[in-house]
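*Asks:*
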Amino acid sequence: MSPRNGRAGIPDPERFFDGLRPARQACIDQLRNLPPNGPHYSMMRVIIAALDVAAEFFTHRRDFFLSTRPDMIGGGPGRTGEGV
Numbered sequence: 004m005s006p007r008n009g010r011a012g013i014p015d016p017e018r019f020f021d022g023l024r025p026a027r028q029a030c031i032d033q034l035r036n037l038p039p040n041g042p043h044y045s046m047m048r049v050i051i052a053a054l055d056v057a058a059e060f061f062t063h064r065r066d067f068f069l070s071t072r073p074d075m076i077g078g079g080p081g082r083t084g085e086g087v
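Those letters in the sequence shown? Residues 4 to 87, by the numbering used here.
Listed below in structure tokens is the structure:
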């Protein structure tokens with residue numbers, strides 16, 4: 004087996020995706036500055052969805068980016084039960 008195939012994945016996926024929270028939030032914030040029918044808006048939605056799917060895949064937590072007060076994309080700072 005090659006070294007590439009022998010990797011076990013992300014050692015600490017929760018920490019890794021916690022580090023991506025600001026990038027995800029920046030994409031959400033950018034949506035407010037884009038026309039909703041434009042290609043840039045659609046691409047931001049794709050980026051947000053990709054982060055959500057990847058976080059769920061690696062952390063096995065569907066609600067990883069969700070907070071107790073979700074924004075229009077269903078995320079925000081903190082996790083369920085944390086923060087505000």
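Glycine included, C-beta positions come from ideal geometry on N, C-alpha and C.
Along the alpha helix (DSSP H) that carries leucine 54, what are the first and last residues, could you check?
*Replies:* 42-62
*Asks:* Would you mind working out which of Asp66, Pro14, Phe68 and Val49 sits nearest glutamine 33, comparing C-alpha positions?
*Replies:* Val49
*Asks:* Taking the alpha helix (DSSP H) that phenylalanine 19 belongs to, which residues open and close that run?
*Replies:* 16-22
*Asks:* Looking at phenylalanine 67 and alanine 58, is the spacing between their C-beta atoms short of 8 Å?
*Replies:* yes
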